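Contents: one structure, followed by commentary.
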Amino acid sequence: MNITHTILFSPVFLPLLSAAGILFIKSFCPTGIRRVAEYLGILIGMVLPLPLVLTLYPIVQNQGYIETTIGGYAKSIGIVYRFDGMSLLLILLAAAITLPAWIFSRKQGPGHSYFTALMLIQNASIAAIGMASDLFNLFVCLELMGVTAYVLIATGKEANAAYASFSYLMLSSSAMVFFLLGTFGLYKLTGSLSYEGISRGLEAISGRDQYVALFSLLLIIVPVLLRVAVMPLSLWLVDAHSKAPHAVSALLSGVLLKVPLFALLRVFALSPLATQLALPVSYAGAATALIGVLLALSQSDAKQLLAYHSISQIGYIVSAWGLALHTGITTSTGALLLSASFFHAFSHAQFKALLFLTIGKATDAADNRNVYTLRGANQALRNEGERIPLTMLCFLVGALSISALPPFNGFYSKTLVTYTLKGSMHYTFLTLASAGTIASFIKLSRIFLPSKQPLMRAVSKERKRFPVSTHLSFILLALSCLAVGIFSEQMILFITQLINPVEANTYSSTFFFTQDNLIKTALTVLAGIVLFSLAVTKPGQYILHFLEKRRGGFSDLFLGFAVALVALALLAI
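In this note's numbering, each residue's number is its place in the sequence shown (first place is 1) plus 30.
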């Protein structure tokens with residue numbers, strides 16, 4: 031195996047080796063050595079793979095992909111890994127959010143060796159998902175990522191954290207049984223588990239076998255869309271995100287929702303039978319964006335409000351993603367749609383991680399998560415030792431980013447998504463959702479207004495020091511939101527070159543600051559303000575309270591899965 035192939039595997043084996051080392055030292059060494067091992071493990075397992083895989087960028091750009099087998103076995107019997115542009119993008123996405131989340135967890139929790147090891151294992155599974163070239167290994171890697179998520183959610187101190195984790199585990203594991211059934215169906219038809227072998231086999235089938243192939247593809251696609259939290263498959267997400275530790279919430283929303291979606295590209299590329307499902311999926315994404323933001327606006331719990339916004343923002347990503355596949359990612363329009371989808375996924379990961387961490391810290395300091403009653407969050411943070419209101423300032427960066435205001439990343443990514451969808455029904459849905467987003471964050475921002483009542487939490491007279499690591503995590507994410515916005519043109523070109531180098535030169539950024547687009551942005555902000563004004567009236571509060579109480583139960587999670595499966599099957603046939 032040459033040096034290129036060794037580097038290709040580094041995002042998988044370096045995090046796993048680091049996690050194993052951390053757990054070994056945790057078991058047999060004193061506390062001081064354990065702490066050193068954690069920092070060394072993060073350096074080797076999370077930071078070192080980044081410059082290594084970036085050295086493969088020129089090769090990917092020229093060749094399209096690098097392929098190798100584990101252990102040097104023949105391709106016909108070995109486990110084949112294929113590293114391409116999407117693999118690189120997923121690795122960079124995971125690292126960009128995992129590192130600030132880990133820094134935050136040092137003082138805010140869960141700051142122990144097991145947590146660090148789980149994060150490293152999760153990063154290894156994400157890299158493996160991006161490089162898997164057969165359905166069975168995709169299943170294994172998705173399950174490994176899922177297992178780490180279940181455990182991380184359960185580490186929360188919230189009363190129902192274990193129940194939220196168990197609900198997600200039961201639903202996700204049950205759904206993945208259908209993934210295996212779909213894999214078996216395709217294997218029986220084609221005699222292969224590899225993407226290439228399945229694609230060749232599906233070209234030769236006809237008659238009734240085509241319906242078997244289509245149903246098998248459905249059984250694979252719907253469980254993965256459940257992991258992505260597209261309506262009506264998103265009911266698990268709210269409890270999981272709101273009950274998890276804040277660092278875990280940032281990871282779940284920022285990374286774990288997106289990785290399965292872009293891994294699903296390989297499945298949709300298997301057959302034209304699958305691409306005909308992409309259009310209804312894109313419509314589901316548009317509906318998800320609008321329904322999610324309405325539910326977010328109705329929430330009284332700050333973290334549940336953010337969780338519903340994760341569902342809503344996934345709608346933007348899925349809308350562009352589905353239309354990209356429907357149009358064809360080898361075309362200029364399809365390549366731009368897919369680039370817009372990933373660019374917004376990356377931007378959303380940054381600002382949503384920032385929002386979960388800053389709101390988590392502010393509500394912990396005030397010991398209150400109710401957006402209707404919490405005021406004076408800055409005072410509570412000062413009592414925790416914060417002298418400069420960096421938590422509030424970084425929250426505002428995240429809020430302006432998700433509200434799509436320049437010069438932050440959300441403005442460019444949302445504008446690119448809506449621009450590529452202009453003229454479709456998706457555009458109308460997403461524009462309405464944008465107004466709802468602004469209204470929601472006006473509502474959430476009120477927690478930082480001065481309080482007329484003294485804080486209920488007892489204030490210690492001793493001088494406290496606000497953790498430097500907490501501010502560092504905020505600043506890293508806030509600066510990245512600004513930097514991605516400033517260098518948005520370069521980011522979009524970088525993404526497009528990795529997805530489709532041939533069509534990369536067709537992109538133009540001139541539409542961002544056109545008169546029409548700036549007027550649309552101003553009108554959306556105005557609509558958001560009007561919507562918030564209506565929401566705080568008595569009729570508005572009654573409607574929002576009604577929506578807030580309409581929470582699905584455990585049985586509704588399985589009902590949503592059945593509805594999605596049947597609906598896609600009917601639309602496909």
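Heads up, the beta-carbon is just placed ideally off N, CA and C, and yes, glycines get one too. Please read these numbers as outputs of a predicted model, since none were measured by experiment.
query	result
Pick helix, strand or coil for Ser224, following the three-state DSSP scheme.	strand
Check Arg238 in the structure and name its three-state DSSP category.	helix
Using CA atoms only, rank isn't needed, just tell me which of Ala50, Gln380, Leu300 is closest to Ile228.	Leu300
Here's the rule: buried if 16 or more other CB atoms are within 10 angstroms of the residue's CB, otherwise exposed. What is Leu601?	exposed
For the structure I just gave you, are there three or more beta carbon pairs, one from the segment 362 to 371 and one from the segment 524 to 532, closer than 8 Å?	yes
Whole angstroms is fine: what's the gap from Ala147's alpha carbon to Glu68's?	8 Å
Would you mind working out which of Lys56, Leu119, Ala50 sits nearest Leu523, comparing C-alpha positions?	Leu119
Going by DSSP in three states, Val489 sits in which element: helix, strand or coil?	Because Val489 carries a pLDDT of 49, less than 50, the predicted location of this residue cannot be relied on, and the following value inherits that uncertainty. Here Val489 sits in coil by DSSP.
Which runs of the alpha helix (DSSP H) spanning at least 4 residues fall entirely within the segment 545 to 591, listed in chain order?	545 to 565, 568 to 579
Using 8 Å as the threshold, is the C-beta distance between Ser510 and Gln380 below it?	yes
Straight-line CA distance for Thr213 to Phe166?	7 Å
Alpha carbon to alpha carbon, how far is Thr178 from Phe543?	42 Å
On the premise that Leu82 lies in contact with Ile156, defined as a C-beta separation below 8 Å, what is that separation, rounded to the nearest angstrom?	That belief does not hold up - the Cβ atoms of Ile156 and Leu82 are roughly 16 Å apart, past 8 Å.
Under 7 Å Cβ to Cβ from Val242, same chain only, skipping five residues before and after it: list those, please.	Gly215, Leu219
Should Arg540 go down as buried or exposed, given a rule of 16 or more other Cβ atoms within 10 Å for buried?	The displayed chain sequence assigns Thr, not Arg, to residue 540. Thr540 comes out exposed.
Looking only at its chain, what residues have a beta carbon closer than 6 Å to the beta carbon of Lys391, apart from the 5 residues adjacent to it on each side?	Thr421
Keeping to the same chain, check which residues put their C-beta closer than 6 Å to that of Leu150; ignore five residues upstream and five downstream.	Pro45, Ser48, Ala49, Gly75
Give me, in chain order, the residues of the same chain whose beta-carbon lies closer than 7 Å to that of Asn190; leave out the 5 immediate sequence neighbours on both sides.	Asp269, Lys273
In the DSSP assignment, find the alpha helix (DSSP H) that holds Tyr449 and state where it starts and stops.	439 to 450
Let me make sure I understand the geometry here. Which of Leu556, Trp266, Ser143 has the alpha-carbon closest to that of Ser57?	Ser143
Since Ala131 and Ala395 are thought to touch, with beta carbons under 8 Å apart, how far apart are those beta carbons, to the nearest angstrom?	Going by Cβ atoms, the distance from Ala131 to Ala395 rounds to 19 Å, so no, they are not a contact pair.
What's the gap between the Cα of Leu286 and the Cα of Phe376?	12 Å
Return the residue from the list Leu73, Ile72, Ile52 that minimises the CA-CA distance to Ile63.	Ile52
With a Cβ-Cβ cutoff of 8 Å, do Phe496 and Gly364 count as a contact?	no
Any contact of the segment 94 to 106 with the segment 498 to 517, i.e. 3+ C-beta pairs under 8 Å?	no
Is the beta carbon of Ser475 less than 8 Å from the beta carbon of Ala434?	no
Output needed for His501: all residues of its chain with C-beta closer than 6 Å, excluding positions within five of it in sequence on either side, in chain order.	Leu420
If you draw a straight line from the C-alpha of Leu556 to the C-alpha of Met200, how long is it?	43 Å
With 16 other CB atoms within 10 Å as the buried threshold, where does Met455 fall?	exposed
Which term fits Asn92, buried or exposed, when burial requires 16 or more other beta carbons within 10 angstroms of its beta carbon?	exposed
Hey, quick one: how far does the beta strand (DSSP E) through Asp331 stretch, first residue to last?	Element bounds for Asp331: n/a, residue is neither H nor E.
Do Val110 and Ser222 have their C-beta atoms closer together than 8 Å?	no
Tyr180 to Val311, Cα distance in whole Å?	26 Å
When the Cα atoms are used, what is the spatial distance from Ser264 to Leu249?	17 Å
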